[in-house]
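Presented below is the structure to which this report refers.
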Amino acid sequence: MVTELFPLSLQGAETSRRGKRLVGPVDLSLDGQGICVVIGPNGAGKTTLLRLMHGTARLTGGQINWACDTAEARHHQAFVFQRPVMLRRTVEEILAYPLRLRGVARSAARDSARAWAARVGLTELLGRRASVLSGGEQQKLAIARALITDPALVFLDEPTASLDGRATREIEAILEQAKADGTRLILSTHEMGQARRIGDQIVFMLGGKVHESTPALAFFEHASTPEARAFIIGDIGE
Numbered sequence: 003m004v005t006e007l008f009p010l011s012l013q014g015a016e017t018s019r020r021g022k023r024l025v026g027p028v029d030l031s032l033d034g035q036g037i038c039v040v041i042g043p044n045g046a047g048k049t050t051l052l053r054l055m056h057g058t059a060r061l062t063g064g065q066i067n068w069a070c071d072t073a074e075a076r077h078h079q080a081f082v083f084q085r086p087v088m089l090r091r092t093v094e095e096i097l098a099y100p101l102r103l104r105g106v107a108r109s110a111a112r113d114s115a116r117a118w119a120a121r122v123g124l125t126e127l128l129g130r131r132a133s134v135l136s137g138g139e140q141q142k143l144a145i146a147r148a149l150i151t152d153p154a155l156v157f158l159d160e161p162t163a164s165l166d167g168r169a170t171r172e173i174e175a176i177l178e179q180a181k182a183d184g185t186r187l188i189l190s191t192h193e194m195g196q197a198r199r200i201g202d203q204i205v206f207m208l209g210g211k212v213h214e215s216t217p218a219l220a221f222f223e224h225a226s227t228p229e230a231r232a233f234i235i236g237d238i239g240e
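Mapped onto my numbering, the consecutive letters of the sequence shown carry residue numbers 3 to 240.
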């Protein structure tokens, strides 16, 4: 990955809709290492913060600065939604599609699609339409579709929500491998166990604002704010 996106800096960043501030002001700095997990109760603004950084939520105040030009940064990132949006195509066609959009030859795109299907355990489903896949299979497909173009950064919004334990473990293994391959991951989750298992950095949100941003080990052992400590032990439910 030639383009360097990080550090990413948010300075007083906020987004509003119809006069109501949804997130912000946020001051946050993220480096380019590992998995950053954004946690917080429902309605805290986790998804909106991810969308704000990715550029799909409008910045209505403050600044968001990448280490490179913003347009270049967005070219080298992808977003995986909580509920995958699937084209009416086969698994192979869906995986090849992002590469075809970038001008990759059809045969090379199909070769890459098959290789990625094998990496995420979908080889037997290459000819099946995405609409008939299980929730876990669709999420693996969505993640592989995001990773197949070799992005520097992938945002994931609650990537294992509503999945069972086995599917969750499989998704986490894919994310850990992506991390090992050098892809920066920023994901939201409501599941504290997942944050502990895969998080390198924790961003804790409450009421649309970032209350803490710290290495995961330090957060779970010595959270600095009473709100974060309460959330860790389950005292904040909404």
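All residues carry an ideal CB built from backbone N, CA and C; glycine is no exception.
Keep in mind the model is a prediction, meaning the values are calculated, not measured.
Rounded distance between the beta-carbons of residue j and residue i, thought under 8 Å
i           : j           : result
residue 93  : residue 130 : 6 Å
residue 234 : residue 216 : Wrong, their Cβ atoms sit about 12 Å apart, outside the cutoff.
residue 148 : residue 156 : 5 Å
residue 57  : residue 26  : Going by Cβ atoms, the distance from residue 57 to residue 26 rounds to 15 Å, so no, they are not a contact pair.
residue 65  : residue 14  : 7 Å
residue 162 : residue 145 : Residue 162 to residue 145, Cβ: 10 Å. No contact.
residue 211 : residue 28  : 7 Å
residue 143 : residue 124 : 6 Å
residue 117 : residue 98  : The Cβ separation is near 11 Å, so there is no contact.
residue 136 : residue 159 : Rounded, the Cβ-Cβ distance is 19 Å, inconsistent with contact.
residue 11  : residue 67  : 5 Å
residue 121 : residue 111 : That pair is no contact at about 16 Å.
residue 180 : residue 187 : 6 Å
Terminal residues of the beta strand (DSSP E) in which residue i lies
i           : result
residue 158 : 155-159
residue 235 : From DSSP, residue 235 is part of no beta strand (DSSP E); its letter is neither H nor E.
residue 186 : 186-190
Extent of the continuous alpha helix (DSSP H) to which residue i belongs
i           : result
residue 139 : 137-149
Bridge partner(s) assigned by DSSP for residue i
i           : result
residue 206 : 41 and 214
residue 10  : 32
residue 130 : In DSSP, residue 130 forms no bridge with anything.
residue 48  : None; residue 48 has no bridge partner.
residue 23  : 18
Three-way DSSP call (helix, strand, coil) for residue i in this model
i           : result
residue 193 : coil
residue 177 : helix
residue 17  : strand
residue 224 : helix
residue 162 : coil
residue 167 : helix
residue 229 : helix
residue 240 : Below a pLDDT of 50, predicted positions are generally treated as unreliable, and residue 240, at 49, falls in that range; the measurement from the model is reported next regardless. In the structure shown, residue 240 sits in coil (DSSP, three-state: anything other than H, G, I, E or B).
3-residue-minimum beta strand (DSSP E) runs that sit fully inside the stretch 55-125, ordered along the chain: For the stretch 55-125, whole beta strand (DSSP E) runs of length 3 or above, ordered along the chain, are 63-67 and 79-82.
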